[in-house]
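Student:
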Amino acid sequence: MHKLTTIINWLAGPRLLFALLPALMVLIAIGTVAQKYLGLYVAEKTFFSSFVFWAGGFLPLPGGYSLMSLLTLSLLLKFILKSRWTRPRAGINLAHFGVLVLLAGGIVSSLLAEDGSLTLAEGQSSTQVRDFHVRELMLIQGNSLLATLPQRELRDGRVLEFTTPPLRLKILQACRNCTIRAQESEDPARRSMAKGMQLAPARLELNDEANTGGITFEVQNLDADQNGTYILFEDGPTTKLMIGKQLIELAYSKQQRRLPFTVTLTDFVKTNYPGTDTAKDYYSDVVISDGALTWPARIGMNAPLRYRGYTLYQSAFLTTPQGEELTVLAVSRDAGQFLPYLGTILLALGLILHLFLRSREVQP
Amino acid sequence: MRVWLFALLLLLPICAQSQELDYQIFRTLPVLEDGRLKPLDSFAVHMRTRISGSATLDDRPAIAWLAQTLFDPAQAAQERVFYIRNAHIRAQFELPSRTNHLYSLTELAPRLEESAKSVTALLTRELASLTADEQDLRDLHTAILIYNQLLQSFSLLLPLPFAAPPEAKLNGAYTYLDAQKVEPKLMQNLQKLLTPKVLAHPETLTPAQQQLAAFVHDLQKLREGGTNNQLLRILPASWAEQKGEWFAPWQLLLSGQGSPTTQRLLELWQQLAQAYRSGDATRWLQASQELHEQMQKLVGTADERLLLEVLLRDLHVLDVTALFLVLAMGLIASHRRWPRAYSASLIAAALSAASLSTVLLVRSYILARPPVGTLHESVLFVALILLLGTLLITVRRRMPGLALAGQVGTLALLLVAPFVHSDSENMTMLSAVLNTNFWLTVHVLCITAGYGACAATAALAHVHLITFKTASDPHGRLALLHRCSLMALLLTAVGTLLGGVWADQSWGRFWGWDPKENGALIIVLWLMWLQHARLAGQVSELAFTAGMAALGVVVAQAWFGVNLLGTGLHSYGFIQGIALGLFSYTLLNLMLIAGLWWRAKRGSHA
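Protein chains in written order, with my numbering: chain A, 41 to 404; chain B, 15 to 620.
1. Around the Cβ of Glu238(B), are there at least 16 other Cβ atoms within 10 angstroms (buried) or fewer (exposed)?
2. Can you find the residues in the same chain that come closer than 6 angstroms, C-beta to C-beta, to Pro210(B), ignoring five residues on each side of it along the sequence?
3. Would you say Glu318(B) lies against chain A (beta-carbon separation less than 8 angstroms)?
4. For the region 74-102 of chain A, enumerate the residues whose C-beta is nearer than 7 angstroms to any C-beta of chain B, in chain order.
5. Quick one: is Asp294(A) near chain B, going by C-beta distance under 8 angstroms?
6. Give the interface partners of His546(B) over in chain A, defined as CB-CB distance under 9 angstroms, in chain order.
7. Output, in chain order, the set of chain A residues within a Cβ distance shorter than 7 angstroms of Gly561(B).
8. Against chain B, with Cβ distances strictly below 8 angstroms, would Leu397(A) count as a contact?
9. Say whether chain A places a C-beta atom closer than 8 angstroms to the C-beta of Met605(B).
10. Counting only beta-carbon separations shorter than 8 angstroms, does Gly240(B) have a partner in chain A?
11. Whose Cβ in chain B lies nearer than 9 angstroms to the Cβ of Pro344(A)?
12. Going by DSSP, name the residue or residues bridged to Phe308(A).
13. Using a beta-carbon distance below 8 angstroms, is Ser585(B) in contact with chain A?
14. At the 8 angstroms Cβ level, is Arg237(B) part of the contact set with chain A, yes or no?
15. Helix, strand or coil for His546(B)? Go by DSSP, reduced to three states.
16. Once DSSP output is grouped into helix, strand and coil, what is the label at Thr219(A)?
17. Hey, which unbroken runs of the beta strand (DSSP E) at 3 residues or more fall wholly within the region 331-400 of chain A?
18. For Phe338(B), which of helix, strand or coil comes out of DSSP?
19. Using the Cβ count rule (16 or more neighbours within 10 Å means buried), how would you classify Asn247(A)?
20. In the DSSP assignment, find the beta strand (DSSP E) that holds Arg129(A) and state where it starts and stops.
21. For Val456(B), which residues from the same chain have a beta carbon less than 7 angstroms from its beta carbon, with the 5 sequence-adjacent residues on both sides left out?
22. When Cβ atoms are compared, which residues of the region 164-176 of chain A fall closer than 9 angstroms to chain B?
23. Is His136(A) close to chain B? Criterion is C-beta to C-beta, closer than 8 angstroms.
24. Is Glu259(B) close to chain A? Criterion is C-beta to C-beta, closer than 8 angstroms.
25. With DSSP as the reference, label Ser273(B) as helix, strand or coil.
26. Would you call the region 386-400 of chain B and the region 418-428 of chain B in contact, with 3 or more CB pairs under 8 angstroms?
27. Cβ of Thr404(B) within 8 angstroms of Cβ of Gly420(B)?
28. Consult DSSP for Glu34(B) and reduce its assignment to one of helix, strand or coil.
29. Run through DSSP, which three-state label would Tyr105(A) get?
30. Would you mind telling me which residues of chain B sit closer than 7 angstroms to Ser372(A), beta carbon to beta carbon, in chain order?
31. Quickly, what does DSSP pair Lys280(A) with across the bridge? List them, please.
32. May I ask you to report which of helix, strand or coil DSSP gives Thr148(A)?
33. So, is Asn183(A) buried or exposed, given that buried needs 16 or more other C-beta atoms within 10 angstroms?
34. Alpha carbon to alpha carbon, what distance is there between Lys530(B) and Ser585(B)?
35. What does a CB cutoff of less than 7 angstroms around Ile283(A) pick up in its chain, not counting 5 residues either side in sequence?
36. 8 angstroms is my cut-off, CB to CB: does Lys320(A) come that close to chain B?
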């Protein structure tokens, strides 16, 4: 019991905070500079969304998850066990509670939030949201998705056994960003696209969305004509296999999720500053269809649409070589979305209260 | 208000007049550039800076240079306007070495075509992959392109230098607008003339027929030169579907978007050109006035913004701000000899703050948005908050050191401000995501006010470090620093979180570990760390003070340093070329803090 009290006191005490905050600052500084060389996505995963990162490739140091968890625990214990609930301390207690809410929001978001994009041409409808980063291997039969495997599961040398349909694949090489090259030598084991082309790992793009992921794999349990080496790459053609009497398609693309409602783009409007190509404003007029319910809505810059836990934002627009304008809507779902708002209000009120109450005289 | 502004403008010493012509009205005429309506004077300054690297290369004001470029292109081509410091490029163009590095278009012309071929290849490459020589060459060709567009802006209104054939019946000086009326008929004559036999033996053409062919050819070349000439957008659209759009003269003519109104405007511009070329000051003034009146009717209240913009430049309000600051610093330096100097210094500082506020408010009115939307504006706003913050403290407590530190810091920021915009035009329009007055007011003003409060806190901490051994009221001193840092924490923390709320509204996530977000967070964490460490007795009073003094460095890195990375979703405010300055400031300030800390520590031990 004494030991537990000592640990709790240490966790809730100022010494830990005194070490944690500079450690967090150093981590943020390193992770920020690293973005120039690794890109935002990789730097974030390496330094902020990790428990440990390896400095110089050999020295384990605490990552963002470790430091933030410790900070949350320390503040929670301090708030519950050590706070003095007096009027002059009201501001500081409220501010601490605000920080706790913010940290809780961060935890909830990191565990539950998902985001992606929805690209639509005028007149087009869709319920499919493509993840920004997660790629996956899909096994499809007709319109049915039989199985999926995320990119992180597709490691070199790994053998994948599917039961429905019965299929055994061996991943020969997976690359997050692939270069497609011509297959110059003739290899009787190569099938389909792999006869004429091969994938080779390329340097990662700083913008993760610009990477073209792909896999080279071997089919092992079908007939001699179908067993062999295949390739699949993001947004490339599918690989078709006859398994028994079923035609199965293998595809590799960004993970797709289904919205519980349909979005139809009726009009996309972009306004430029006069005499320039610089966008002043752009918005999408859409129709949301949810069962029998249908209604129009506008999604503009800084004016998102929220419905059934999803938030649709005007993210960007594309112009095809044919001149057709496509709108790109970011779609996010975050159960903890309200927490940062609440935390901001509490923290602001707490600091204002503390500043004006002059709660604590300075003790030199 | 418009009348008063105009009267004030006319009362000012006419700095634009180096010749007999009066440019005061001419320079307020509207032109659309970079998505906003601006006075011709601002356009002239921007163009000259883009072409020559500076708006003040000689005694001639930019507006006079522009008038010559537009109305007397033959003479303008002889003017030395291209600043070429790169010796390799000078060698490429076979240019002589000059102390001012200025060269004319005529001097560049002989090697221009050959050089343009190599530039075409450079245009397809990433800017970062170009060598310094290649970048300079590319920049020079961009400047030549801009200059060429300006030179040809009015080529449809100016007398043509080539002789017209007799059948054109164009007697005396004539323009393209006159010639185009007879061009179809001349073209028909030429087509009849150019039989296959004649084309095989063009020498069989008589001199009159050759003149006709040359004339039609020259008209076509002139028209080709006008195609895509969209730089000088001085003519408002007449038709409802193009509301807000403005046209350059050639653009209007070739797109067939003219109307009786634009025709009248073109006539007035032609009168201006004629008056300029003949040096007729009276006619010039009349045409300027009439054109101004016509434009007033078309732009309405925007005219006030144009006048204010010219006045803001003419009155040199930022220079006035700096002068008041220098005066305040001088007075504070002499406060021991002259007791009233302290109060006088505060008055001078207050006048400086009023002057700087005026700049920000007027800019805000001109651009119709809150005062802080760009990095340049944020520097001005932080300077104002620093000055006001230190002024507020020094009015309540007699602290000459803090007054001086605040004034020095403000002056330094004013000196830095011209270097932190990517273009000579510092009144730029904002990208779509930033184009929201609500969030610009709520988040940007809050976070930049926080940076200002941090700067004031750092200034106070520096003063405390300097007087650490001699201060009479150490308890009160620490309490003041604590309150300042709390205010800084409040503004930076709330500003940062409001930024998160904005990001959630526009990008769908509250926090994305973007460099600008991280920079702001580090400031907040720094303040929290020092305050908690002090309260818990983890750091001494001296270390706390030194840490708060270093807040200036933390803010500078978070504010400017992250822009040097050139990465992240906040793809605005990226700048290059300040790395050395930032590094020097960081090093010098940290050395100063370390020195003061060591001195104070030695003193406290003694």
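The beta-carbon is built from N, C-alpha and C at its ideal position, and this holds for glycine as well.
Tutor: Let me lay it out:
1. exposed
2. Within the same chain, and ignoring the five residues on either side of Pro210(B) in sequence, no residue has its Cβ closer than 6 angstroms to its Cβ.
3. Nearest CB-CB separation between Glu318(B) and chain A: not below the 8 angstroms threshold.
4. Gln75, Lys76, Leu80, Glu84, Phe88
5. One point to set straight first is that residue 294(A) is Lys, not Asp, in the sequence displayed. It does not; no Cβ of chain B falls within 8 angstroms.
6. Those are Pro54, Leu57, Phe58, Leu61, listed as they occur along chain A.
7. Those do not exist, as Gly561(B) stays about 11 angstroms from chain A at its closest Cβ, beyond 7 angstroms.
8. no
9. no
10. no
11. Those within 9 angstroms of Pro344(A) in chain B are Asp518, Gln519, Ser520, Gly522.
12. Ser324(A)
13. In this predicted model, Ser585(B) has a pLDDT of only 49, less than 50, meaning its place in the structure is not dependable; the value taken from the coordinates is given anyway. Cβ-Cβ to chain A under 8 angstroms: no for Ser585(B).
14. no
15. helix
16. strand
17. 333-340, 345-347, 350-359, 365-373
18. helix
19. exposed
20. Neither: Arg129(A) is in no beta strand (DSSP E) and is coded neither H nor E.
21. Leu512
22. none
23. no
24. Yes, Glu259(B) lies at the interface with chain A (some Cβ there is under 8 angstroms from its Cβ).
25. coil
26. Enough Cβ pairs lie closer than 8 angstroms, so yes.
27. yes
28. coil
29. helix
30. What Ser372(A) touches in chain B: Gly522, Arg523.
31. Glu289(A)
32. Reading off the sequence shown, one finds Val at residue 148(A), where the question assumed Thr. In the structure shown, Val148(A) sits in a helix (DSSP, three-state: H, G or I).
33. exposed
34. For Ser585(B), the predicted structure reports a pLDDT of 49, less than 50, and the residue's modelled location is therefore unreliable. The matter cannot be settled from this model.
35. Same-chain partners within the cutoff: Pro205, Pro206, Leu207, Leu262.
36. So, interface residue.
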